[in-house]
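A short worksheet on the structure shown next.
Protein chains: 2
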Amino acid sequence: MAKTAKPTKKVAAPAKKAGPAVSPLAPKTYASLPPLAGVRLATVAAGIRYAQRTDVLLAVMAAGTQVAGVFTKSKTASAPILWCRDKLKGGTARALVVNSGNANAFTGRVGLEGVQEIAESAAAIVGCRQQDVFMASTGVIGEPLPTKKITAVLSRLAEETAASGWRAAAEAIMTTDTFPKMATASAMIDGMKVTINGIAKGSGMIAPDMATMLAFVFTDANIPAAVLQECLNAGVGPSFNAITVDSDTSTSDTLLLFATGKGAKHGALNKAGDKRLTDFRRALDKLLLDLALMVVKDGEGAQKLIRIDVAGAESNEAAKRIALSIANSPLVKTAIAGSDANWGRVVMAVGKSGEAADRDKLSISFGGHVVAEKGMRAAKYNEATATKAVSGREVEIAVDLGLGKGAARVWTCDLTHGYIDINGSYRS
Amino acid sequence: MAKTAKPTKKVAAPAKKAGPAVSPLAPKTYASLPPLAGVRLATVAAGIRYAQRTDVLLAVMAAGTQVAGVFTKSKTASAPILWCRDKLKGGTARALVVNSGNANAFTGRVGLEGVQEIAESAAAIVGCRQQDVFMASTGVIGEPLPTKKITAVLSRLAEETAASGWRAAAEAIMTTDTFPKMATASAMIDGMKVTINGIAKGSGMIAPDMATMLAFVFTDANIPAAVLQECLNAGVGPSFNAITVDSDTSTSDTLLLFATGKGAKHGALNKAGDKRLTDFRRALDKLLLDLALMVVKDGEGAQKLIRIDVAGAESNEAAKRIALSIANSPLVKTAIAGSDANWGRVVMAVGKSGEAADRDKLSISFGGHVVAEKGMRAAKYNEATATKAVSGREVEIAVDLGLGKGAARVWTCDLTHGYIDINGSYRS
């Protein structure tokens, strides 16, 4: 399984913020994100939904910062998504305002007016154009956003921004997350080191359909918006678009990538295919995957991380649909939760995907142990081995359709009582 | 909500067979199914999977019985499905052999051989052609079917068949079902009364994709196979194909409809559109819906029946996809489980369906109380009223897209701890 980014410095895991116990899949230690030239951060507890919980983040970026983004494909996208999609056309950013506790989704005209107010306020305080203010909101859908609570704290936040606030930033955007999600990486461009820092939040309503949930990634590299967008589009497929917790797609999914250009003075980069970007893109892809996996590991109620590899499908697209059919099957997810090597449910999930499958060519393995092949239970099937393969914190399911060369990899978590506990009482 | 068929005679609800507590949505009394001319039934505990549980059903039908059927669309359909699909072409039936405890799915060549052995044995005992033997198996996937345990009991079963064994038949096909599912109806053809009896089993791996689960319906009317098939195809759309428990589609979904022609001597019926069939089709449609709703009411862990009506969509197909997106959303289902009027999750589920939706034209109501309209929370929204609407055993969610004339109705149940309990330990 992919490992999380090697931290530059180890620090103790922070205490949980609220809600259920910290996921057993949480990292034992967290990366200490280094300052990143051109980015300053501040957070505050503004009482958006709960008292004494940091819930507003302001990031201020240097003049000239370039921005790329991907957003939910939901037809009922939130007000901030509509704003960001439009402003992204300009390609530049100076401020990011994020709140947790309220998604400002399905809030009608009032929701759009709120976004406008925040943009006006932030622009005046930071000293930039409104179109350079980006926004995201996460939390309950359909409740009017208490806009004034946000605009009231922006001045103070702007005064308090610091280069060191990464962990606080990751904590401020949490909702039902049980641990903050952050990753850092470095890469070489023209022989000069650049840095990438990212934070994200999950942890229910997670199904990939462009970006999923909220993630904000910053680099001090100097990369034009169009090139940055190409890098992001390529990186999101095998990371945020390859994870699912519950098949539910958020109205607020936002992934923004900012490049301040205030780091090393490398040369101009005008094409995503430029070989001098190879190392940067590798580092970016890995960081996106690290963050995405943290989201799965903190899936509501998650006790196990499940990796699903599908090969031998008619196309990569078919492979991904089959992989997601398995990943989203409640019966597969509950079986894994119960450490039950119930591969029959994997057969079922392949069968219901609608994609071509030939029962007699299909093979399935758990943790490398072949459990089914040639249309039936494998001759060398061993119940103890199969059970062991689904009993740990990380479970690997591999399916080979035996039909073609299409392949895909997705990640999900198990479906447990914890999910029911959290989601049967979220609003109240 | 649709009511279950009015029983011809009320009898006490049977004690639960095994597993978790009887669903709170179970009928208080059961229809006592009358004898049906041309059908004799017998059941036995053959030890297919569990001891002392009836698990094999034999139904023997009169010579000349016509048959229609619909089956799962799964690409990994079970061995009995492959057999039935092929034999259905003949249009005639004399025997039905059903076992619970083992699905005979993904059992390879051995599974197909087992089906052949059962057909040979049943044909010899009943005195019919092999092609007139129909079969269904339900239970765990991937385990070799203990064929000999079935063939060993067929002679005895044939001797013991009786016209009165409907309740025992409904009980013999149960797996994780908490109550037997049966319904009866009568209709007039040419002024003469004909009878329809049906039994079904659920109760997980339920998502409509042609038929869902096992259901066997018998009538003493005299209707040719081709006409019967047309009636069945029309009836299955708004009944078995409009229910979902967990979005997982079984490899064994089978719905068979037998017409013995041994009842009233009505005239020949050569077209499904024949007006003399109107009353029969009405009764059949209602019986299919009754059975389908019992399956939802016994969905694994179900505490509430949820009806979802979508109107104003671009087409009926779009409406159904939106309705199923809501019905299959774990977040909607857990919210209802928690009596949380979280209509934002309905917005989310509409948004993720991929179908056209205009946030500002969408309206949502719970139990007739409008909770959202014009892109935001309804002006007259009342939290207490909304909460009351989702707090009972039956919940009604209505969505109007405001775009066109497409409409659909589907049913599902809530997602509770019971589902996790049952499915985290099914095989063991």
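Protein sequences, first through last, are from chains A and B. For reference, each letter of the first sequence is one residue, going 7 to 434 in this note's numbering. For reference, each letter of the second sequence is one residue, going 7 to 434 in this note's numbering. Where a beta carbon is used, it is the ideal one built from N, C-alpha and C, also for glycine.
Using a C-beta cutoff of 8 angstroms, does residue 285(A) count as contacting chain B?
-> Taking the first sequence and counting its residues from 1, the one referred to as residue 285(A) is at position 279. No, its Cβ sits nowhere closer than 8 angstroms to a Cβ of chain B.
Under 8 angstroms between C-beta atoms, does residue 354(A) make it to chain B?
-> As a working mapping, residue 354(A) is identified with position 348 in the first sequence. Chain B contact via Cβ: present.
Select from 267(A), 163(A) and 181(A) the residue whose C-alpha is nearest the C-alpha of residue 199(A).
-> Residue numbering aside, residue 199(A) sits at position 193 when the first sequence is read from its first letter. Per the Cα distances, 267(A).
What do you reckon, are the CB atoms on residue 379(B) and residue 347(B) nearer than 8 angstroms?
-> Residue numbering aside, residue 379(B) sits at position 373 when the second sequence is read from its first letter. Residue numbering aside, residue 347(B) sits at position 341 when the second sequence is read from its first letter. Their beta carbons are not under 8 angstroms apart, which means residue 379(B) does not touch residue 347(B) by this criterion.
Neighbourhood of residue 196(B) by C-beta distance below 7 angstroms, restricted to the same chain and skipping five residues each side | As a position in the second sequence, residue 196(B) is number 190, starting the count at 1. Within the same chain, residue 196(B) has close Cβ partners 272, 273 and 282.
Exposed or buried, residue 279(B), counting other C-beta atoms within 10 Å across all chains shown (16 or more means buried)?
-> Position 273 of the second sequence, counted from the start, is the residue given in the question as residue 279(B). Its Cβ having fewer than 16 others within 10 Å, residue 279(B) is exposed.
Residue 179(B), DSSP secondary structure in three states | As a first step, residue 179(B) must be located in the second sequence, where it is residue number 173. Here residue 179(B) sits in coil by DSSP.
Could I get the ranges of all uninterrupted beta strand (DSSP E) runs contained in the stretch 196-274 of chain B, with 3 residues as the minimum, in chain order?
-> 198-207, 220-225 and 260-265
Are there 16 or more other CB atoms within 10 angstroms of the CB of residue 239(B), so buried, or fewer, so exposed?
-> Residue numbering aside, residue 239(B) sits at position 233 when the second sequence is read from its first letter. Exposed is the call here.
Roughly how many angstroms lie between the CA atoms of residue 364(A) and residue 269(B), to the nearest whole one?
-> Working through the first sequence from its first residue, we reach residue 364(A) at position 358. Working through the second sequence from its first residue, we reach residue 269(B) at position 263. Approximately 44 angstroms between the Cα atoms of the pair.
Within the same chain, show all residues whose beta-carbon is closer than 6 angstroms to that of residue 316(A), passing over the 5 residues directly before and after it, in chain order.
-> For this step, residue 316(A) is matched to residue 310 along the first sequence. Cβ neighbours of residue 316(A) beyond the five flanking positions: 325, 328, 329, 405 and 414.
Around the C-beta of residue 430(B), are 16 or more other C-beta atoms found within 10 angstroms, so that it is buried, or is it exposed?
-> The count along the second sequence starts at 1 and reaches residue 430(B) at position 424. Result: buried.
Kindly confirm or deny that the stretch 150-159 of chain B and the stretch 176-194 of chain B touch, where touching means at least three C-beta pairs closer than 8 angstroms.
-> no
Residue 306(A): buried (16+ other C-beta within 10 angstroms of its C-beta) or exposed?
-> Taking the first sequence and counting its residues from 1, one reaches residue 306(A) at position 300. The residue is buried, with at least 16 neighbouring Cβ atoms inside 10 Å.
With a cut-off of 8 angstroms, does the C-beta of residue 112(A) fall near any C-beta of chain B?
-> As a first step, residue 112(A) is located in the first sequence; it is residue number 106 there, counting from the start. It does: the Cβ of residue 112(A) has a partner Cβ on chain B nearer than 8 angstroms.
Let me know if residue 248(A) comes out buried or exposed under the rule of 16 or more other beta-carbons within 10 Å of its beta-carbon.
-> The sequence position of residue 248(A) within the first sequence is 242, counting from 1. Residue 248(A) is buried by the Cβ-count criterion.
Under 9 angstroms Cβ-Cβ, which residues of chain B neighbour residue 383(A)?
-> Indexing the first sequence from 1 puts residue 383(A) at position 377. Here the neighbours are 112, 113, 114, 148, 149 and 150.
If we ignore side chains and look at the alpha-carbon of each, how far apart do residue 97(A) and residue 369(A) end up?
-> Residue mapping note: residue 97(A) aligns to position 91 of the first sequence, counting from 1. Residue mapping note: residue 369(A) aligns to position 363 of the first sequence, counting from 1. The alpha-carbon atoms of residue 97(A) and residue 369(A) are separated by roughly 47 angstroms.
6 angstroms Cβ shell around residue 139(B) - same chain, five flanking residues per side excluded = Walking along the second sequence from the start, residue 139(B) turns up at place 133. For residue 139(B), where only same-chain residues beyond five positions count, the Cβ hits under 6 angstroms are 101, 125, 128 and 129.
Reference residue 381(A); option with closest CA among 394(A), 33(A), 393(A) and 349(A) = Position 375 of the first sequence holds residue 381(A). Of the candidates 394(A), 33(A), 393(A) and 349(A), the one whose C-alpha sits nearest the C-alpha of residue 381(A) is 349(A).
So residue 144(B) and residue 87(B) are in contact, right, with Cβ under 8 angstroms, and what is the actual spacing, rounded?
-> Counted from its first residue, the second sequence places residue 144(B) at position 138. Counted from its first residue, the second sequence places residue 87(B) at position 81. Going by Cβ atoms, the distance from residue 144(B) to residue 87(B) rounds to 11 angstroms, so no, they are not a contact pair.
Curious, which full-length beta strand (DSSP E) runs of at least 3 residues does the stretch 29-77 of chain A contain?
-> 35-37, 45-50, 62-67 and 72-77
Just how far apart, CA to CA, sit residue 33(A) and residue 260(A)?
-> Residue numbering aside, residue 33(A) sits at position 27 when the first sequence is read from its first letter. Residue numbering aside, residue 260(A) sits at position 254 when the first sequence is read from its first letter. When rounded, the distance between both Cα atoms is 23 angstroms.
Would residue 120(B) pass as a contact of residue 85(B) if the rule is Cβ separation under 8 angstroms?
-> Start at 1 with the first residue of the second sequence, and residue 120(B) comes out as number 114. Start at 1 with the first residue of the second sequence, and residue 85(B) comes out as number 79. The answer is yes: Cβ separation under 8 angstroms.
Ignore the nearest five residues each way along the sequence and tell me which others in residue 371(B)'s own chain have a CB closer than 7 angstroms to its CB.
-> The count along the second sequence starts at 1 and reaches residue 371(B) at position 365. Contacts found: 377 and 404.
Decide if the stretch 394-404 of chain A is in contact with the stretch 293-302 of chain A; the criterion is three or more beta carbon pairs, one per stretch, under 8 angstroms apart.
-> no
Which chain A residues are close to residue 253(B), counting only those with a beta carbon under 8 angstroms from its beta carbon?
-> As a first step, residue 253(B) is located in the second sequence; it is residue number 247 there, counting from the start. Those within 8 angstroms of residue 253(B) in chain A are 253, 334, 335 and 336.
Per-residue contacts from residue 207(A) into chain B (C-beta, under 7 angstroms) | Position 201 of the first sequence, counted from the start, is the residue given in the question as residue 207(A). Result: empty, since nearest Cβ-Cβ is about 16 angstroms, beyond 7 angstroms.
Residue 254(B), buried or exposed, once every other Cβ within 10 Å from all chains shown has been counted against 16 | The count along the second sequence starts at 1 and reaches residue 254(B) at position 248. Burial call: buried.
Apply the 10 Å Cβ neighbour rule to residue 82(B) and answer buried if 16 or more other Cβ atoms are within range, or exposed otherwise.
-> Taking the second sequence and counting its residues from 1, one reaches residue 82(B) at position 76. With 16 or more Cβ atoms within 10 Å of its Cβ, residue 82(B) is classed as buried.
Between residue 95(B) and residue 131(B), what straight-line distance do the alpha-carbon atoms span, to the nearest angstrom?
-> The sequence position of residue 95(B) within the second sequence is 89, counting from 1. The sequence position of residue 131(B) within the second sequence is 125, counting from 1. Going by the C-alpha atoms only, they are around 23 angstroms apart.
In whole angstroms, what is the alpha-carbon distance linking residue 412(B) and residue 318(B)?
-> Along the second sequence, read from residue 1 onward, the residue named residue 412(B) stands at position 406. Along the second sequence, read from residue 1 onward, the residue named residue 318(B) stands at position 312. One C-alpha to the other measures close to 5 angstroms.
Under a CB-based cut-off of 8 angstroms, is residue 156(B) close to chain A?
-> Here residue 156(B) refers to the residue found at position 150 when the second sequence is read from its first residue. Judged by the 8 angstroms Cβ criterion, residue 156(B) is not in contact with chain A.
Nearest chain A C-beta to residue 426(B) closer than 8 angstroms, yes or no?
-> Taking the second sequence and counting its residues from 1, the one referred to as residue 426(B) is at position 420. With 8 angstroms as the cut-off, residue 426(B) counts as an interface residue toward chain A.
Do you know how far the Cα of residue 420(A) is from the Cα of residue 424(B)?
-> In the second sequence, residue 424(B) corresponds to position 418, counting from 1. In the first sequence, residue 420(A) corresponds to position 414, counting from 1. Cα-Cα distance, rounded: 16 angstroms.
State the Cα-Cα distance for the pair residue 359(B) and residue 244(A), rounded to the nearest angstrom.
-> Against the second sequence, residue 359(B) aligns to sequence position 353. Against the first sequence, residue 244(A) aligns to sequence position 238. Cα to Cα, the separation comes out at about 22 angstroms.
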